[in-house]
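Visitor: In the numbering used here, the protein residues as written are 1 to 445.
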Amino acid sequence: MSLSVLWLRRDLRLADSPALLAARDAGDEVVPLFVLDDVLRRPAGAPRLAFLHGCLRDLYERTDGRLRILPGRPETVLPRVIRETGATSVHISSDHGPYGRERDERVRRALDDVPLVATGSPYGVTPGTLTKADGSPYKVFTPYARAWRERGIRSPATTPRKVAWSDGGLRSDGIPADPDLGGVRLPAAGERAALQRWRTFRERALPSYDEGRNRPATAGTSELSAYLKYGCLHPRTLHADLGDSDADRTFASELIWRDFYADVLWHRPDSARRDWNAAMAALPYDDDDALFEAWAQGRTGYPFVDAGMRQLLGEAWMHNRVRMVVASFLVKDLHVYWTRGARHFMRHLRDGDLASNSHGWQWVAGTGTDAAPYFRVFNPVKQGLDHDPDGDYVRRWVPELRDVPGRFVHEPWKLPGGVPKNYPERIVDHGAERAEALRRYASVR
């Protein structure tokens, strides 16, 4: 009886899984394995770990209880698994992050004559494979997206009706207990929850996505980011269900942004924590801990910003429109270097993805791939008035303002009696700080 190992990482599903099909075809039975790697676990915040554990519990049930959970360094764990099971191959979905690429090379060397077989990736188009005619990488989204669409995307892989799962005689440490979430509310995790969320979004919100995606008070976005992060479903599955309406094309474009940022990181691994645009490295920043803490706790005095930061603390998630606004406020109103905000997001987000998070922050900060973003400074009041015109989003997350009528909820300092009790005064003047941000940017252009 021959065995193959399916080493799961960011592909925690059974449907549309080329790596699973390869493992099934390579052996009579498949040993599903997840390695608890402290290098990845240490920097992950409690929400991300708890969501991962939920995904693993779902997968444990769906593999008939055969999923093995083992702690340790993968380059040590995988050779031991091969020795104990006699498996003849290890199958993975390729990883394209800086750590993942190095880790997989170490495992490949440690396995010696047992092949580490990579089939598929977590992206619609695998990072590093789509280049310009001269072989150089794309540096701007629009031409990348044009080339992406011209190339097209594969159809979803078939889902096996039955897999002969095996535990290989391996012990398992089991899924760790969830960390204390401190009141954070997470959605159901795992492949089944992901597919249900996709169906609900597709039926109810996708037809009005063009407008709804910018309204944080409504369920207008897919909220699939955490499921995509852990591979509970593959973007191929989503693209295959999309039509040719304006809303469908807009949503497809958002998925292509995810591929683009992964491609940028593949070509420039250093850009996870340093400016992609080296010319912006001389930009001066401040580092006021009190101002940063006010931002982190949602106590800036700007209601739209505060609502977003409190949503992050309450749901381990934030609406994408609001992410841009709060990031702009930190970098361009408080003049804090983007990496500090990016680390805060990664600690608190359930969908913390290195490529999307780092390059989303750089897009806002003006240090990334966008052609000319340095003058883009989001006005937190205007953003609130435009995208939360009734104030429902602010009132949900900022209870101090729940009794404030109409548009005043975005400008409570204009109330006849001043800012309501227990709500802070503005920590900075946006107009003055916008001018200062532009002055600093001009000095390094």
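Glycine residues also receive a C-beta, built at the ideal position from the N, C-alpha and C atoms. All of these numbers come straight from a predicted model, not from anything done at the bench.
So, under 8 Å CB-CB, Ala355 and Ala262 are touching, yes? Tell me the CB distance rounded to an integer number of Å.
Guide: Their Cβ separation, rounded to whole angstroms, is 5 Å, which keeps Ala355 and Ala262 in contact under 8 Å.
Visitor: Assign Ser356 to one of three DSSP states: helix, strand, or coil.
Guide: Three-state result, Ser356: helix.
Visitor: Alpha carbons only, please: which of Arg171, Gly72, Pro115, Ala193 is nearest the one belonging to Leu59?
Guide: The shortest Cα separation from Leu59 among Arg171, Gly72, Pro115, Ala193 belongs to Ala193.
Visitor: In terms of residues, what are the limits of the alpha helix (DSSP H) holding Ala118?
Guide: Note, Ala118: premise wrong, no alpha helix (DSSP H); beta strand (DSSP E) at 116 to 118.
Visitor: Quick check: what's the CA-CA separation for Val377 versus Val322?
Guide: Cα-Cα distance, rounded: 13 Å.
Visitor: Could you give the residue range of the alpha helix (DSSP H) that holds Val31?
Guide: Looking at the DSSP string, Val31 is not in any alpha helix (DSSP H); the run it does join, the beta strand (DSSP E), is 29 to 36.
Visitor: Look up Val90 in the DSSP assignment and give the residues it is bridged to.
Guide: DSSP lists Val5, Leu116 as partners of Val90.
Visitor: With Ala316 and Arg343 assumed to form a contact (beta carbons below 8 Å), what rounded beta-carbon distance in angstroms separates them?
Guide: About 15 Å separates the two Cβ atoms, so there is no contact after all.
Visitor: For Val325 and Trp397, I'd like the C-alpha separation in whole angstroms.
Guide: So the alpha carbons of these two residues sit roughly 16 Å apart.
Visitor: Can you tell me the Cβ-Cβ gap for Ser4 and Thr88, rounded? I've got them flagged as a contact below 8 Å.
Guide: The Cβ separation is near 7 Å, so the contact holds.
Visitor: Just to confirm, is the Cβ distance from Tyr209 to Ala177 under 8 Å?
Guide: Against a cut-off of 8 Å, the Cβ pair of Ala177 and Tyr209 comes out as no contact.
Visitor: Closest by CA to Asp37, which one among Val107, Leu14, Asp25?
Guide: Of Val107, Leu14, Asp25, the residue nearest in Cα terms is Val107.
Visitor: So, for Ser328: in the same chain, excluding its five sequence neighbours on each side, which residues have a beta-carbon less than 7 Å away from its beta-carbon?
Guide: The residues are Val364, Val377, Phe378.
Visitor: Please return the same chain residues whose Cβ sits closer than 6 Å to the Cβ of Gln311, not counting the five positions on each side in sequence.
Guide: Counting only Cβ-Cβ distances below 6 Å, and skipping sequence neighbours, we find Met318, Trp397.
Visitor: Quick check: what's the CA-CA separation for Asp112 versus Asp270?
Guide: Going by the C-alpha atoms only, they are around 29 Å apart.
Visitor: Apart from the five residues on each side of it in sequence, which residues of its chain come closer than 8 Å, Cβ to Cβ, to Leu56?
Guide: Hits under 8 Å: Leu12, Phe34, Leu67, Ile69, Ile175.
Visitor: Determine contact between the stretch 298 to 309 and the stretch 392 to 409, defined as no fewer than three beta-carbon pairs at a distance below 8 Å.
Guide: Segments in contact, yes.
Visitor: Leaving aside the five residues before and after Leu255 along the sequence, list all residues of the same chain whose C-beta is less than 7 Å from its C-beta, in chain order.
Guide: So the list reads Gly124, Pro235, Leu238, His239, once near-sequence residues are dropped.
Visitor: Rank Val163, Ala145, Lys229, Pro412 by C-alpha distance to the C-alpha of Ala44 and give the top, closest one.
Guide: It is Lys229.
Visitor: Are the stretch 283 to 294 and the stretch 150 to 162 in contact at 8 Å, needing three or more beta carbon pairs?
Guide: Result no; under three Cβ-Cβ pairs closer than 8 Å.
Visitor: Buried or exposed: where does His338 fall if 16 or more other Cβ atoms within 10 Å of its Cβ makes it buried?
Guide: In the sequence as displayed, the identity of residue 338 is Trp instead of His. Per the 10 Å Cβ criterion, buried.
Visitor: Name the residue from Thr200, Ala279, Pro389, Arg273 whose alpha carbon lies nearest to the alpha carbon of Asp241.
Guide: Of the listed residues, the one whose Cα sits closest to Asp241 is Thr200.
Visitor: How would you label Glu191, buried or exposed, when you count the other beta carbons within 10 angstroms and need 16 or more for buried?
Guide: Glu191 should be labelled buried.
Visitor: If we count the other Cβ atoms within 10 Å of its Cβ and call it buried at 16 or more, is Ala133 buried or exposed?
Guide: Flag for Ala133 reads exposed.
Visitor: Which one of His96, Val184, Pro399, Thr367 has the shortest CA to CA distance from Lys449?
Guide: Only positions 1 to 445 of the chain appear in this structure, which leaves residue 449 out of reach.
Visitor: What would DSSP say about Val336, mapped onto helix, strand or coil?
Guide: Strand, per DSSP.
Visitor: Where in the stretch 284 to 323 do unbroken runs of the beta strand (DSSP E), each at least 3 residues long, occur, reported from the N-terminal end onward?
Guide: Segments of the beta strand (DSSP E) lying fully in the stretch 284 to 323: there are none.
Visitor: Are the stretch 420 to 435 and the stretch 400 to 409 touching, with three or more C-beta to C-beta distances below 8 Å?
Guide: Cβ pair count under 8 Å is three or more, so yes.
Visitor: Buried or exposed for Gln383, please, with buried defined as at least 16 other CB atoms from any protein chain shown within 10 angstroms of its CB.
Guide: Answer is buried; the Cβ neighbour count reaches 16.
Visitor: Is Val444 near Ala279, with beta carbons less than 8 Å apart?
Guide: Against a cut-off of 8 Å, the Cβ pair of Ala279 and Val444 comes out as a contact.
Visitor: Mind checking whether Thr119 and Asp16 have CB atoms under 8 Å apart?
Guide: Taking 8 Å as the Cβ cut-off, Thr119 and Asp16 do not qualify as a contacting pair.
Visitor: Rounded to the nearest angstrom, what separates Trp413 and Leu291 at their Cα positions?
Guide: Cα to Cα, Trp413 sits roughly 19 Å from Leu291.
Visitor: If you count every other CB in all the chains shown that lies within 10 Å of the CB of Arg185, and 16 or more means buried, which is it?
Guide: With fewer than 16 Cβ atoms within 10 Å of its Cβ, Arg185 is classed as exposed.
Visitor: Could you give the residue range of the beta strand (DSSP E) that holds Arg68?
Guide: Where Arg68 is concerned, the enclosing beta strand (DSSP E) stretches over 68 to 71.
Visitor: Return the CA-CA distance between Cys232 and Ser2, expressed in angstroms with no decimal places.
Guide: Approximately 28 Å between the Cα atoms of the pair.
Visitor: Would you kindly report the start and end of the unbroken alpha helix (DSSP H) that includes Val264?
Guide: Counting along the chain, the alpha helix (DSSP H) containing Val264 begins and ends at 246 to 267.
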